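**Student:** Please find one structure pasted underneath; my questions will follow.
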Amino acid sequence: MSPNRSISFDGWVLRTDVGELVKDGRKIRLQDQPLQILDELLSRPGELVTREQLIARLWPKGVVDFDTGLNSAIRKLRVALRDEAETPRYIETIPRKGYRFIGTIDPPVAAEPPLPGPGGAITSVGSLPPADSSPLIQPSTADPGPSPIGTGPAAVATGGGAHRHTRPIHIYVSAGVVALLVAGLIAFGSYREPLVTRTAPAHEVASGDRSIAVLPFIAAATDESSVLLAQSIADLIRTRLESLNGWTVIATASTSRLTDAAQDNKAVAEKLRTRFLLKGSAARTGNQLRVEVQLLDAARDLQLWSSAFNRSVADVNTLRDEILQRVARALQVPSGTAASRMAAGESVDLDAYQLYVRGQQLIANLRVDDATAAIELFRRSTTLDPGFARGYLALAQAYLLASALGDSSEAALNEMHAAASAALDRALELNPSFGEAVIERARLTRDPSKAEPLFRRGLESAPNYGMGYMRYAEFLFGEYRKGEAIQMMERARQIDPLNPRLHIRQAFFTMVGFSNVAEHDRLLREALAISPKFPAALGELAHSQHDYTGDFAEGIRLMEQTIALDPQSTETREYAAIMYLDVDDPEAAAALLAGENRPSMALIELAQYRRDRSRAAELARMLPDGSLWSSAAFSSPADAIRDEAIATGDYASALKLLESRYALVSPTPGSRGGMRMWDRGLALVYAHTLILAGEAERGRKLLTAILVQIDSESVGRTEHWFARERAMAYTLLGDDERALQELAASLKLGHYARWWYTAELNPIYDHLRHDPRFQALAAQGRKHRLEQRALVDVMREKGDIPRRAVRAE
Numbered sequence: 009m010s011p012n013r014s015i016s017f018d019g020w021v022l023r024t025d026v027g028e029l030v031k032d033g034r035k036i037r038l039q040d041q042p043l044q045i046l047d048e049l050l051s052r053p054g055e056l057v058t059r060e061q062l063i064a065r066l067w068p069k070g071v072v073d074f075d076t077g078l079n080s081a082i083r084k085l086r087v088a089l090r091d092e093a094e095t096p097r098y099i100e101t102i103p104r105k106g107y108r109f110i111g112t113i114d115p116p117v118a119a120e121p122p123l124p125g126p127g128g129a130i131t132s133v134g135s136l137p138p139a140d141s142s143p144l145i146q147p148s149t150a151d152p153g154p155s156p157i158g159t160g161p162a163a164v165a166t167g168g169g170a171h172r173h174t175r176p177i178h179i180y181v182s183a184g185v186v187a188l189l190v191a192g193l194i195a196f197g198s199y200r201e202p203l204v205t206r207t208a209p210a211h212e213v214a215s216g217d218r219s220i221a222v223l224p225f226i227a228a229a230t231d232e233s234s235v236l237l238a239q240s241i242a243d244l245i246r247t248r249l250e251s252l253n254g255w256t257v258i259a260t261a262s263t264s265r266l267t268d269a270a271q272d273n274k275a276v277a278e279k280l281r282t283r284f285l286l287k288g289s290a291a292r293t294g295n296q297l298r299v300e301v302q303l304l305d306a307a308r309d310l311q312l313w314s315s316a317f318n319r320s321v322a323d324v325n326t327l328r329d330e331i332l333q334r335v336a337r338a339l340q341v342p343s344g345t346a347a348s349r350m351a352a353g354e355s356v357d358l359d360a361y362q363l364y365v366r367g368q369q370l371i372a373n374l375r376v377d378d379a380t381a382a383i384e385l386f387r388r389s390t391t392l393d394p395g396f397a398r399g400y401l402a403l404a405q406a407y408l409l410a411s412a413l414g415d416s417s418e419a420a421l422n423e424m425h426a427a428a429s430a431a432l433d434r435a436l437e438l439n440p441s442f443g444e445a446v447i448e449r450a451r452l453t454r455d456p457s458k459a460e461p462l463f464r465r466g467l468e469s470a471p472n473y474g475m476g477y478m479r480y481a482e483f484l485f486g487e488y489r490k491g492e493a494i495q496m497m498e499r500a501r502q503i504d505p506l507n508p509r510l511h512i513r514q515a516f517f518t519m520v521g522f523s524n525v526a527e528h529d530r531l532l533r534e535a536l537a538i539s540p541k542f543p544a545a546l547g548e549l550a551h552s553q554h555d556y557t558g559d560f561a562e563g564i565r566l567m568e569q570t571i572a573l574d575p576q577s578t579e580t581r582e583y584a585a586i587m588y589l590d591v592d593d594p595e596a597a598a599a600l601l602a603g604e605n606r607p608s609m610a611l612i613e614l615a616q617y618r619r620d621r622s623r624a625a626e627l628a629r630m631l632p633d634g635s636l637w638s639s640a641a642f643s644s645p646a647d648a649i650r651d652e653a654i655a656t657g658d659y660a661s662a663l664k665l666l667e668s669r670y671a672l673v674s675p676t677p678g679s680r681g682g683m684r685m686w687d688r689g690l691a692l693v694y695a696h697t698l699i700l701a702g703e704a705e706r707g708r709k710l711l712t713a714i715l716v717q718i719d720s721e722s723v724g725r726t727e728h729w730f731a732r733e734r735a736m737a738y739t740l741l742g743d744d745e746r747a748l749q750e751l752a753a754s755l756k757l758g759h760y761a762r763w764w765y766t767a768e769l770n771p772i773y774d775h776l777r778h779d780p781r782f783q784a785l786a787a788q789g790r791k792h793r794l795e796q797r798a799l800v801d802v803m804r805e806k807g808d809i810p811r812r813a814v815r816a817e
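Each residue of the sequence shown is one higher than the last, beginning at 9 in our numbering.
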């Protein structure tokens, strides 16, 4: 905050020293965050101040205070100024970018002193040159002497003006690329100090620019071991730079994505949405390392510092720490703010770390076989280095990923989770303040009241852990705190913007939170542009085509591609089987499910399609817990139990089971969020069964509650998004006219999934099946299935979709 400053505008006077707004003798005391926002806006009248710049100023540690978040602070400031967002006099909102002060300031704003550094100290350094001035380091045609990196444009700045980028919050920070061309490696020597050091004059770093990306280092050769060494050295340095307080350090998952070495530094920075780049090279000869490093200010196209180091392999930790200190000095980080967040004795063995890096590359693929292979690599890394806390954390994460992607039987899940928990215990035993491990512990904590403090503590210790923000977002979403979850995802993508896993999760939240199919699919295609053969992105896009637009053939084509990339994923095969039922191909569905030894939604739906009510109900009763009973609009297990009860007349047993399952997936009365929207399919069937069993009042009360929540959830979504659910509720409440209108609206949206059950089997509509209007809708659904089946057959002829049939024994 600028001290003792008064600013006048339109009759208002802002006194920054006491945080007061004064007008016509009326004083308004501003809270700290609205005051800081107004101070920032008034410092740049007429200019865009991005959301990320404000967030960096308000929350330099990166963990957002949800009670006084940015949107809330802006609203408080508008109230104080009596300003309206729709017709602003002072603060104009630039959608998806930030804000701009549009009032008239009189007298002009006084010049500002230098901004404080991340730790609060004022830096006493000169500012950067103006855009049209010469760079700090000029290229020279004269022999500059020995250089650790080279003397061409890749090593020495060639000038360029300042460039201020504006962008949406969820993509303003991005990450790395292999872009450095090394002119040649200098032979190893025995020196322990840097062989050559070049440092540009010190300069000031604005709070909004405190972001750095460590690009993959250049390897001395193209063989796998040389490349892995270079990647590992870069990752070691990156994790060490995370101790720069108030700085965003881009995740390795993103920096490894950009591999076009022909791009210049500004082009790389534009993709990364960051200002500072750390480049380098690494080579090993026996027990000696040669590491060359250069720090670049990409916005100004300046090299700020470069050094070359010869070290023994045993000194890799010392080397990492020295590079941290030199980068901190070059960036003018005040002393004391670069203290390590890693435990004092947490050194690493280089060979163990290389196994760790290779394992991380495998689990990023989200494939069962790769996750299994990664487990063995992490086991080996912790054998080589029993004190390697990060290795134990990675081992726990690999176990959890393998359990999510592979065999989901109760026994297998329990075994994997027990192994993950044991690995986490060891990581936290080695380093109790290890933020990433604390976050993973939070994931395994069932009690939300205990899990949330762990998430917050973990992020406080590890504010540059992008996946940690994603995990916290998942927790918040599960607690029905969707707005906060999306905030956390935005922060995650600032740190790790080229990680397709984050795109997929953001797409999911966008879809479930707002029913925005276009944005959902855009994010998925963006993930596929980053990684074209990423199974999770292909599978989610296939799901979208099937569920949200009714393009069954395209959904099946994409899902078959996903199966080819990850044939061990049972979840993928099961969902593909459900898709095949929607094009009247139970043979292909059965072929995909052949040999399954556990009950699943797909097997239940196959039994329902074959009109085998007894088998469908048997499979539903075999499901291990309530988690598979909750599937948003539909709950096939609940349908199966109710349908069997109708056939047998045993409503008491059906109600007992449905009530127990509904209790498992629904919150207790009075808890936050009420009935969860993703349990609505189960709730509707439960309500119907209550009515069938003679408990009409309870059933109708539940149906009314469902409609109330659907109405609430419909705000801000595509019109008629929940039309199928409304139709079931209205039918059961006796409003057939509205039910038919909702069914027609759902088909206009392309919601044809599972219409074979709706039109022909769902007992809710038994009394409507003689109504010509319902018959017309059923015929429309049948026509759509036939058209999509014809497209599937064409794709099979072209080889885009494989032919599947149950093999004869």
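We put the beta carbon where it would ideally sit given N, CA and C, even for glycine. Computed from a predicted structure; not experimentally measured.
Give me the residue from Gly19, Leu611, Val301 and Glu613 with the minimum Cα distance to Leu89.
**Tutor:** Of the candidates Gly19, Leu611, Val301 and Glu613, the one whose C-alpha sits nearest the C-alpha of Leu89 is Gly19.
**Student:** Taking just the CA atoms, how far does Val335 sit from Phe463?
**Tutor:** 30 Å
**Student:** Are the beta-carbon atoms of Ala660 and Pro645 separated by less than 8 Å?
**Tutor:** no
**Student:** Can you give the Cα-Cα distance for Gly288 and Ile245, rounded to whole angstroms?
**Tutor:** 11 Å
**Student:** Whole angstroms is fine: what's the gap from Thr453's alpha carbon to Met685's?
**Tutor:** Rounded to whole angstroms, Thr453 to Met685 spans 23 Å at the Cα level.
**Student:** Count the other CB atoms, across all protein chains shown, that sit within 10 Å of the CB of Thr24; report buried if there are 16 or more and exposed otherwise.
**Tutor:** buried
**Student:** Take Ala526 and list the residues in its own chain whose beta-carbon comes closer than 7 Å to its own, dropping the five residues that flank it on each side.
**Tutor:** none
**Student:** Look at the Cβ atom of Leu566, then the Cβ atom of Leu549, and state whether they are nearer than 8 Å.
**Tutor:** In this structure, the beta-carbon distance from Leu566 to Leu549 falls below 8 Å.
**Student:** For Asp590, which three-state DSSP category applies?
**Tutor:** coil
**Student:** Helix, strand or coil for Val324? Go by DSSP, reduced to three states.
**Tutor:** Val324 falls in the helix class under three-state DSSP.
**Student:** Tell me the DSSP bridge mates of Leu56?
**Tutor:** Bridge partners of Leu56: Arg108.
**Student:** Helix or strand or just coil, what does DSSP make of Lys35?
**Tutor:** strand
**Student:** Report yes if the C-beta distance between Arg366 and Leu385 is below 8 Å; otherwise report no.
**Tutor:** yes
**Student:** On the three-pair Cβ rule with 8 Å, is the region 423 to 431 touching the region 587 to 594?
**Tutor:** no
**Student:** Kindly indicate which three-state DSSP category Val257 falls into: helix, strand or coil?
**Tutor:** strand
**Student:** If I follow the unbroken beta strand (DSSP E) through Gln340, where does it start and stop?
**Tutor:** Segment: none, Gln340 is in no beta strand (DSSP E) and carries neither H nor E.
**Student:** Excluding the five sequence neighbours on either side, which residues of its own chain have a C-beta within less than 6 Å of the C-beta of Leu799, listed in chain order?
**Tutor:** The residues Ala561, in chain order, have a CB closer than 6 Å to that of Leu799 in the same chain once the five nearest residues on each side in sequence are set aside.
**Student:** So for Gln576, helix, strand or coil by DSSP?
**Tutor:** coil
**Student:** If I measure Cβ to Cβ from Tyr738 and keep anything under 7 Å in the same chain, skipping five residues before and after, which residues do I get?
**Tutor:** Cβ within range, chain order: Arg746, Ala747 and Glu750.
**Student:** Given 8 Å as the limit, is there contact between the region 695 to 702 and the region 715 to 722, that is, 3 or more CB pairs closer than that?
**Tutor:** no
**Student:** Of the choices Leu438, Leu484, Asn472 and Ala420, whose alpha-carbon is the least far from that of Ala6?
**Tutor:** The first residue shown for the chain is 9 and the last is 817, placing residue 6 beyond what the model contains.
**Student:** Leaving out the 5 sequence neighbours to the left and right, which residues in its chain are closer than 7 Å to Pro607 when beta-carbon positions are compared?
**Tutor:** Leu627, Met630 and Leu631
**Student:** Please check the pair Asp305 and Arg281, which I expect to be a contact at CB under 8 Å, by giving their CB distance rounded to whole angstroms.
**Tutor:** About 15 Å separates the two Cβ atoms, so there is no contact after all.
**Student:** With distances taken from CA atoms, which of Gly689, Ser469 and Lys791 is nearest Glu250?
**Tutor:** Ser469
**Student:** What's the gap between the Cα of Lys664 and the Cα of Ala704?
**Tutor:** 16 Å
**Student:** Going by Cα to Cα distance, which pick from Glu48, Gly54 and Pro53 is closest to Glu60?
**Tutor:** Of the candidates Glu48, Gly54 and Pro53, the one whose C-alpha sits nearest the C-alpha of Glu60 is Glu48.
**Student:** In terms of residues, what are the limits of the alpha helix (DSSP H) holding Arg451?
**Tutor:** Counting along the chain, the alpha helix (DSSP H) containing Arg451 begins and ends at Gly443 to Arg451.
**Student:** Using three-state DSSP, classify Phe517 as helix, strand or coil.
**Tutor:** In this structure, Phe517 counts as helix in the three-state DSSP scheme.
**Student:** Check whether the region 533 to 551 touches the region 373 to 381, taking contact to mean three or more Cβ pairs, one atom from each stretch, closer than 8 Å.
**Tutor:** yes
**Student:** Buried or exposed for Gly657, please, with buried defined as at least 16 other CB atoms from any protein chain shown within 10 angstroms of its CB.
**Tutor:** exposed
**Student:** Count the other CB atoms, across all protein chains shown, that sit within 10 Å of the CB of Asp32; report buried if there are 16 or more and exposed otherwise.
**Tutor:** exposed
**Student:** May I have the straight-line CA-CA distance separating Arg732 from Ala641, to the nearest angstrom?
**Tutor:** 8 Å
**Student:** Given a cut-off of 8 Å on the beta-carbon distance, is the pair Ser234 and Ala227 in contact?
**Tutor:** It is a contact, given that the beta carbons lie within the stated cut-off.
**Student:** Could you tell me which residues DSSP puts in a beta bridge with Gly288?
**Tutor:** Val301
**Student:** Specify the secondary structure class of Val222 as computed by DSSP and reduced to three states.
**Tutor:** strand
**Student:** If you reduce the DSSP assignment to three classes, tell me which class Ala227 lands in.
**Tutor:** strand
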